[in-house]
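A.B. asks: Attaching a single structure in structure tokens format; questions to follow.
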Amino acid sequence: MRLPQGELLKVSFYWPARTEAEALRELVAALVSQGARFTGEAYVHRGAGIRDEPFASPTDELSHQVYISDLRSLARQMRDANTRVVSVEMSGATGANRGIVEIVTYVRISESSVGRDRHPLTIRTEGWMFCGTFRQSHARRAKRVGRAVYGRLRLLVERLEPAYAAITIEEFMECPTDLSRGPSSISFTDFYVSAGFLGEPDLSRVRNLFPTAYAEPIADGVYISCTSEFNPAGASVDPLEASFLSVEAGKIIGAAGTRNRAARDR
Amino acid sequence: MTHRYYDAGKGRFLTRDPIGYGGGINLYGFVGNNPVTGADPSGFRPMTPGELDGETPIVVSGPWVNDTPSDSDEIRTDIALGLMDSADAFGQNFYGPSLELVGDEDVAGGDADFVGVGGVGGSGDEGARVARELEKEHARIAAERLDHTFDEHAPQWFGRKVMKSTDLEPWRDVIERASRSKKVFRWSTKGEKTVAHLARIDGKNFVVQYFAEGTLKGHLATAFRPGEAQMRGMLRALGKARP
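In structure tokens form, the structure reads like this:
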């Protein structure tokens, strides 16, 4: 088993109502139920009361290696208020790459979002087969990996009901607060978004942004895919056009997050 | 001076200056010392390499490999020319960050100003305000993207867990050094077109990619230590033997 090398494929999820720790535990549990295994390695931050302290990124603090071999030992680490579990290494998490350590961890949020929003969670694996010369020379592998990741995302969305989720290569999926700060996200080209989070009118707006993309109802929302490898129909949208559409989708998602938070605060 | 990608095959620059603001405001600044060159001081007339004062442009040749079948290696100039164009296409009142790579001329060395901003030559409060907003937005995106590459790829480069307070600056330094590499090639990441610089740093291979089109054009796309398999593909794209 070796660590994943760039470019990285990431499957990311965001829940507005779950604490980061809850989200991590539930995501890992769902992955285990779908056949993922712990490699044993996990990383934590240590400090008085650190578990419940807001943070921007796992790289904010020195990470300490701990041994986590099952859900019970994960829960034990998470019960300790002086320990913040920031990453768990697994195999078979995405169902895409054998022999590669896949890392379940938090996505960085901006300093201005710390304490105001939740961290998206992500599963990192290798995605080089979607890049450069490899996309042709390893087309079958890219298709196999892409379909596996699509299938895994679908299952996880149905089980865990995130507000939104995305499959990206190298790009990072932002939290709503960061999305609302500036229209620059190109993460929403292969993604799921729920009606519960967006509301039906905005879900329709997002869907209508991508008239030629693959669209599939999943859970209470829709999965939209602009990349042929990440949908069963092999549908694709010109990547440049898709990236501009992503910016628009990101704006709608960011605005929904802001609106929802304001409603909760009231 | 604005730096732009130059395509030897097409005999033209791949990007243009942002004349959409009356030509007075250079809206786009990023990555001082980035060796992606080709200059048009006026912002209106592309200069040939020979016209550049003491500068040797980095020649980016060959097609973007492996885009989706519907794509070609032709630059989508209708959209990629700038955010103003793309905003028009979407009917949005949207000005966003960064189209051109600008920086000083000292490619080989000198003080690197990683988040540089082009000169502001516009007149009037509105132009200055817009320029300030763009500068701020631009810096935010640049810092954000640097942070994310750090989180995801610095541990592999340094061979250990990393901490932002101590390791971000060395990581930035590696990216800056790699960005000066003249081993430049086109590379796509899930269809997103980038220009990549491959370098040998401290005895290890390293690649840094910048977006070549779209909303984030000119911004850092990613930076990482390629594995053996990636190196083979990148060397093929570069058309060269192992660096």
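Sequences listed follow chains A and B, in order. Going from the first sequence to our numbering is simple: count from 1 and add 14. Going from the second sequence to our numbering is simple: count from 1 and add 245. Built from N, CA and C at the ideal position, the CB exists for glycine as well. Bear in mind the structure is a predicted one, so any value in this text is a computation, not a measurement.
Locate the alpha helix (DSSP H) running through residue 104 (chain A), then write down its first and last residues.
C.D. replies: Run containing residue 104 (chain A): none in the alpha helix (DSSP H); it sits in the beta strand (DSSP E), 97-105.
A.B. asks: Does DSSP classify residue 370 (chain B) as helix, strand or coil?
C.D. replies: Helix, per DSSP.
A.B. asks: Would residue 104 (chain A) be called buried (16 or more neighbouring beta carbons within 10 Å of its own) or exposed?
C.D. replies: By the neighbour-count rule (16 or more Cβ atoms within 10 Å), residue 104 (chain A) is buried.
A.B. asks: For the pair the segment 212-226 of chain A and the segment 185-198 of chain A, tell me if three or more CB-CB distances fall below 8 Å.
C.D. replies: No: the two stretches stay apart, fewer than three of their Cβ pairs being nearer than 8 Å.
A.B. asks: Under 8 Å between C-beta atoms, does residue 189 (chain A) make it to chain B?
C.D. replies: Taking Cβ atoms only, chain B never reaches closer than 8 Å to residue 189 (chain A), which makes this a no.
A.B. asks: On the three-pair Cβ rule with 8 Å, is the segment 401-411 of chain B touching the segment 425-439 of chain B?
C.D. replies: Counting Cβ pairs under 8 Å, fewer than three are found: no touch.
A.B. asks: Quick one: measure Cβ to Cβ for residue 133 (chain A) and residue 189 (chain A), integer angstroms, because I've assumed they're closer than 8 Å.
C.D. replies: That belief holds up - the Cβ atoms of residue 133 (chain A) and residue 189 (chain A) are roughly 7 Å apart, short of 8 Å.
A.B. asks: With a threshold of 8 Å between beta carbons, is residue 376 (chain B) in contact with chain E?
C.D. replies: You won't find chain E in this structure, because its protein chains are A and B.
A.B. asks: Using C-beta distances below 7 Å, list every residue in its chain close to residue 216 (chain A), excluding the 5 sequence neighbours before and after it, in chain order.
C.D. replies: Closer than 7 Å at the Cβ level, and outside the excluded window around residue 216 (chain A), lie 266, 270.
A.B. asks: Taking three-plus beta-carbon pairs below 8 Å as touching, is the segment 16-28 of chain A in contact with the segment 47-58 of chain A?
C.D. replies: No, the segment 16-28 of chain A is not in contact with the segment 47-58 of chain A.
A.B. asks: Within the 8 Å Cβ cut-off, does residue 442 (chain B) reach chain A?
C.D. replies: It does not: the Cβ of residue 442 (chain B) has no partner Cβ on chain A nearer than 8 Å.
A.B. asks: Roughly how many angstroms lie between the CA atoms of residue 139 (chain A) and residue 114 (chain A), to the nearest whole one?
C.D. replies: Distance between the alpha carbons of residue 139 (chain A) and residue 114 (chain A): 7 Å.
A.B. asks: For residue 94 (chain A) and residue 371 (chain B), I'd like the C-alpha separation in whole angstroms.
C.D. replies: Roughly 54 Å between the two C-alpha positions.
A.B. asks: Answer yes if the segment 455-467 of chain B comes into contact with the segment 117-137 of chain A, meaning at least three C-beta pairs across the two stretches below 8 Å, and no otherwise.
C.D. replies: Touching, no.
A.B. asks: Looking only at its chain, what residues have a beta carbon closer than 6 Å to the beta carbon of residue 281 (chain A), apart from the 5 residues adjacent to it on each side?
C.D. replies: Beyond the ends of chain A as shown, which are 15 and 280, falls residue 281 (chain A); an answer cannot be given.
A.B. asks: Is the Cβ-Cβ distance between residue 428 (chain B) and residue 465 (chain B) less than 8 Å?
C.D. replies: Not closer than 8 Å, so no.
A.B. asks: Per DSSP, residue 145 (chain A) is paired with what?
C.D. replies: Bridge partners of residue 145 (chain A): B:434.
A.B. asks: From the DSSP output, which residues share a beta bridge with residue 138 (chain A)?
C.D. replies: According to DSSP, residue 138 (chain A) bridges with A:24, A:117.
A.B. asks: Verify the CB distance criterion: does residue 396 (chain B) have a CB-CB separation below 8 Å to chain A?
C.D. replies: So, interface residue.
A.B. asks: Taking residue 91 (chain A) as the query, report the chain B residues whose CB atoms sit under 8 Å from its CB, ordered along the chain.
C.D. replies: Those do not exist, as residue 91 (chain A) stays about 17 Å from chain B at its closest Cβ, beyond 8 Å.
A.B. asks: With 16 other CB atoms within 10 Å as the buried threshold, where does residue 356 (chain B) fall?
C.D. replies: Note that residue 356 (chain B) scores a pLDDT of 30, beneath 50, so its modelled location is shaky and nothing firm can be said.
A.B. asks: Cα separation between residue 164 (chain A) and residue 419 (chain B)?
C.D. replies: Answer to the nearest angstrom: the Cα atoms are 34 Å apart.
A.B. asks: Determine the closest residue to residue 92 (chain A) out of A:72, A:77, A:65, with distance taken between C-alpha atoms.
C.D. replies: For residue 92 (chain A), the nearest C-alpha among the options comes from A:65.
A.B. asks: Let me see if you follow: with CB-CB separation under 8 Å, is residue 407 (chain B) close to chain A or not?
C.D. replies: For residue 407 (chain B), the answer is yes, since a Cβ of chain A falls inside 8 Å of its Cβ.
A.B. asks: Could you work out which residue in A:21, A:97, A:136, A:227 is closest to residue 156 (chain A) when comparing CA atoms only?
C.D. replies: The residue with the shortest Cα to Cα distance from residue 156 (chain A) is A:21.
A.B. asks: Would the beta-carbon of residue 41 (chain A) fall within 8 Å of that of residue 167 (chain A)?
C.D. replies: No, the pair does not count as a contact, with Cβ atoms beyond the cut-off.
A.B. asks: Can you name, in chain order, every residue of its own chain whose Cβ lies under 7 Å from the Cβ of residue 106 (chain A), other than the five neighbours on each side?
C.D. replies: The residues are 49, 50, 51.
A.B. asks: Find the nearest neighbour of residue 397 (chain B) within the set A:130, A:149, A:73, judged by alpha-carbon distance.
C.D. replies: Out of A:130, A:149, A:73, A:73 has the C-alpha closest to the C-alpha of residue 397 (chain B).
A.B. asks: Going along chain A in order, which residues have a C-beta closer than 9 Å to the C-beta of residue 403 (chain B)?
C.D. replies: Chain A residues near residue 403 (chain B): none, gap ~11 Å exceeds 9 Å.
A.B. asks: Taking the alpha-carbon of residue 246 (chain A) as reference, which of A:62, A:258, A:230 has the nearest alpha-carbon?
C.D. replies: Here the closest residue by C-alpha is A:230.
A.B. asks: To the nearest angstrom, how far is the alpha carbon of residue 375 (chain B) from that of residue 383 (chain B)?
C.D. replies: Their Cα atoms are separated by approximately 12 Å.
A.B. asks: Of all the residues that make up the segment 32-54 of chain A, which are near chain B by a beta-carbon distance shorter than 8 Å?
C.D. replies: Result list empty, no residue passes.
A.B. asks: Determine which residues share a DSSP beta bridge with residue 449 (chain B) and list them.
C.D. replies: Looking at the DSSP assignment, residue 449 (chain B) forms a beta bridge with B:446.
A.B. asks: Identify, in the order they occur along the chain, each residue of the same chain with its Cβ nearer than 8 Å to the Cβ of residue 272 (chain A), setting aside the five sequence neighbours on each side.
C.D. replies: For residue 272 (chain A), where only same-chain residues beyond five positions count, the Cβ hits under 8 Å are 190, 191, 194.
A.B. asks: Quick one: using the 10 Å Cβ neighbour count with 16 as the cut-off for buried, is residue 278 (chain A) buried or exposed?
C.D. replies: Residue 278 (chain A) should be labelled exposed.
A.B. asks: At a CB-CB cut-off below 9 Å, which residues of chain B make contact with residue 142 (chain A)?
C.D. replies: Within 9 Å Cβ-Cβ: 471, 472, 474, 475, 478.
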